[in-house]
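Visitor: Can you keep this structure in mind? I'll have questions shortly.
In the working numbering, the protein residues as written are 497 to 1078.
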């Protein structure tokens, strides 16, 4: 009863658009006010994973460190388990987690898929999320007409978030003609229903006389209403409005009133009831890019966009993502920021002004972004950028020469580039160099040196280095075999959200360690597979194919082999061919 009550409370809060720290605090207050002892609930949940609510709630306790130490990996694993049992709250929470990349890599496809599932079951929050996905092209193609229809469907049900979002559509002409009077009426309706974003949007309309008569008193009134609900933009705007009001009325005011913040003067858009507010949360991250990509773009702005894109690729490579995943995430990154790749490509053609722009043009040629694919031209540009000490170009070339992708394999170049990056203090370069010494790639095998490099990277907190150090202890690479130390490092890497760490931990439980637990291995493989780890996807498929520790399911085996094969996992590609022939 208590468990169901707590989950119902969380669902109600999520449905009203609460999330993050505000939701956590309200949940803790709810527990305390009912004199519920969280430690007792946690202990009970550990031994009573009897339904989807208890599974989800244990995950919630792990995620937020309630009654126990926070463990995001364990939490997300439990959320997935509950979501598979059709737990609505778990599905909502996972939508948010994958959209923002909280404890996992961002995965817009998963966010879209979960939103669609919730919408099909008639949940307003899911329908709002799905509409937002169609509006912004998150995990799917942009379809503003469909977005409008979905927002209208939610609004017609009386949901304040849907009403606010429908107002946003009329204000901006999303899937319909611009109608500011209609937008005002909808914002007002949602504001009366205590929607803080609608209240803030009314503030801006009244402040600027946008589609209605200017009225500073009404602007302050609605801004106060929104600020009282914790809306950060409203809280910042309120300081500005009060200063303006006091100045216009020649009223004395305390110097504290001049402590103003940079204020978001753009109308806000409630992306969903759980993905709280895309434009509010990401306004600094996204809006400048959106505004800059047009015919009147400033030179300095485009240089910043280029640097931003290269930084994104570096981050993906530094996390150990493979080429297929990096490309997909890069395309999602561009689309979700409404960056027009053709315009970037055209600009790059005439602005080879620094190593980033040279590298990025190569990237566009290599992947056929904004132009036809031309691998030869791309690799020439990568070399040119690498000679200018561009780290990303050097990392990409290391990979190309190691695998022989569109060039002849050349382990000497792989080794020299890895050594150069390592000497520059770059973690990914040190890991690559360690692999070279471990396997004898372009140099003599030196397991001691490999171990020392892995240790150095691990000591810096790099999760990939930590995972690789675990394998050194497991296989006795440059150190005596110590399976306990291996487990410790696999666990540490997994706790940091490293998908290889989660997969390695799964392998440990599967049979390479002393404490064999096929169920735990299955859950960890599933977790890493959902993090797009191709090895985990292969391992999960193998378990489904053989019914090893789980119920045999050839369809699931094919599904996961296919996911792994799409990331160029050769073992998965071979398995898939065999299964599809049967």
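Using N, Cα and C, we set each Cβ at its ideal position, and we do this for glycine too.
#1: Return the CA-CA distance between residue 1122 and residue 654, expressed in angstroms with no decimal places.
#2: Enumerate in chain order the residues of its own chain whose CB-to-CB distance from residue 751 is below 7 Å, with the five nearest sequence positions on each side excluded.
#3: In angstroms, rounded to a whole number, what distance separates the CA positions of residue 1061 and residue 892?
#4: I believe residue 829 touches residue 867 by the beta-carbon criterion, under 8 Å. Please report the beta-carbon distance rounded to the nearest angstrom.
#5: Grab me the residues of residue 619's own chain with a C-beta within less than 7 Å of its C-beta, minus the 5 sequence neighbours each way, in chain order.
#6: Rounded C-beta distance between residue 715 and residue 699? I'm assuming under 8 Å.
#7: Express the C-alpha separation of residue 563 and residue 540 in angstroms, rounding to a whole number.
#8: Is residue 877 closer than 8 Å to residue 858 when the C-beta atoms are compared?
#9: Among the residues of its own chain, which have a CB less than 6 Å from the CB of residue 895, if the five just before and after it don't count?
#10: Between residue 989 and residue 959, is the Cβ-Cβ spacing less than 8 Å?
#11: Please give me, in chain order, every unbroken run of the alpha helix (DSSP H) with length at least 4 that falls completely inside the segment 941–975.
#12: As a quick exercise: from 695, 734, 624, pick the residue whose alpha carbon is nearest that of residue 662.
#13: Less than 8 Å between C-beta atoms, sequence neighbours within five positions excluded: which residues of the same chain meet that for residue 590?
#14: Residue 950 and residue 961 look like a contact to me (Cβ under 8 Å); what is the Cβ gap, rounded to whole Å?
#15: CA-CA distance, residue 559 and residue 567?
#16: Within a Cβ cutoff of 6 Å, which residues of the same chain sit near residue 978, ignoring the five residues on either side of it in sequence?
#17: For the alpha helix (DSSP H) containing residue 695, name the first residue and the last one.
#18: Report buried or exposed for residue 722, applying the criterion of at least 16 other Cβ atoms within 10 angstroms of its Cβ.
#19: Would you kindly check if the distance between the Cβ of residue 1012 and the Cβ of residue 476 is under 8 Å?
#20: Is it true that the CB of residue 854 sits closer than 8 Å to the CB of residue 826?
#21: Do residue 696 and residue 730 have their C-beta atoms closer together than 8 Å?
#22: Kindly indicate which residue of 869, 939, 887 has the alpha-carbon position closest to the one of residue 852.
#23: Count the other C-beta atoms from every protein chain shown that fall within 10 angstroms of the C-beta of residue 973, then say buried if there are 16 or more, exposed otherwise.
#24: If you draw a straight line from the C-alpha of residue 759 to the C-alpha of residue 736, how long is it?
#25: Between the alpha carbons of residue 686 and residue 728, how many angstroms are there, rounded?
#26: Taking Cβ to Cβ, would you say residue 1053 is nearer than 8 Å to residue 1037?
#27: Less than 8 Å between the beta carbons of residue 994 and residue 963, yes or no?
#28: Between 545, 644, 1028, which has its C-alpha nearest residue 500's C-alpha?
#29: So that I know if they touch, is there some Cβ in chain C lying closer than 8 Å to that of residue 835?
#30: Under 8 Å, do residue 903 and residue 941 count as touching if we go by C-beta distance?
#31: Taking residue 814 as the reference, which of 882, 503, 923 has the closest Cα?
#32: Identify which residue in 932, 905, 800, 899 has its Cα closest to the Cα of residue 911.
#33: I'd like to know whether the C-beta atoms of residue 1034 and residue 1068 end up nearer to each other than 8 Å.
#34: Which residues bound the alpha helix (DSSP H) around residue 861?
#35: Give the C-beta separation of residue 510 and residue 548 to the nearest angstrom, bearing in mind that I take them to be a contact with Cβ-Cβ under 8 Å.
#36: Just to confirm before moving on: does the CB-CB distance between residue 437 and residue 657 stay below 8 Å?
Guide: The structure says:
#1: Because residue 1122 is not part of the residues shown, which for the chain are 497 to 1078, the question remains open.
#2: At residue 751, the pLDDT of 34 sits below 50, so the modelled position is not reliable; the number obtained from the coordinates is stated separately. Within the same chain, no residue comes within 7 Å of residue 751 by CB-CB distance, once the 5 residues on both sides are set aside.
#3: 21 Å
#4: Not quite, the Cβ-Cβ distance comes to about 18 Å (not below 8 Å), so this is no contact.
#5: 584
#6: 5 Å
#7: 11 Å
#8: yes
#9: none
#10: With a cutoff of 8 Å on beta-carbon distance, residue 989 and residue 959 are scored as near each other.
#11: 943–955, 959–971
#12: 624
#13: 572, 575, 576, 579, 606, 610
#14: 6 Å
#15: 6 Å
#16: 969
#17: 692–704
#18: buried
#19: Here the chain has residues from 497 to 1078 only, and residue 476 is not among them.
#20: It is not a contact, given that the beta carbons lie outside the stated cut-off.
#21: yes
#22: 887
#23: buried
#24: With a pLDDT of only 41 at residue 759, under 50, the local geometry of the prediction cannot be trusted, and the value read off the model is given with reservation. Cα-Cα distance, rounded: 8 Å.
#25: Cα to Cα, the separation comes out at about 18 Å.
#26: yes
#27: yes
#28: The shortest C-alpha separation from residue 500 is found at 545.
#29: Chain labels in this structure do not include chain C; a single protein chain is all it has.
#30: No, Cβ-Cβ distance for residue 903 and residue 941 is not below 8 Å.
#31: 923
#32: 932
#33: Yes, Cβ-Cβ distance for residue 1034 and residue 1068 is below 8 Å.
#34: 851–863
#35: In fact, because the Cβ distance is near 15 Å, the residues do not count as touching under 8 Å.
#36: Within the shown structure, residues of the chain are numbered from 497 to 1078, placing residue 437 beyond reach of any answer.
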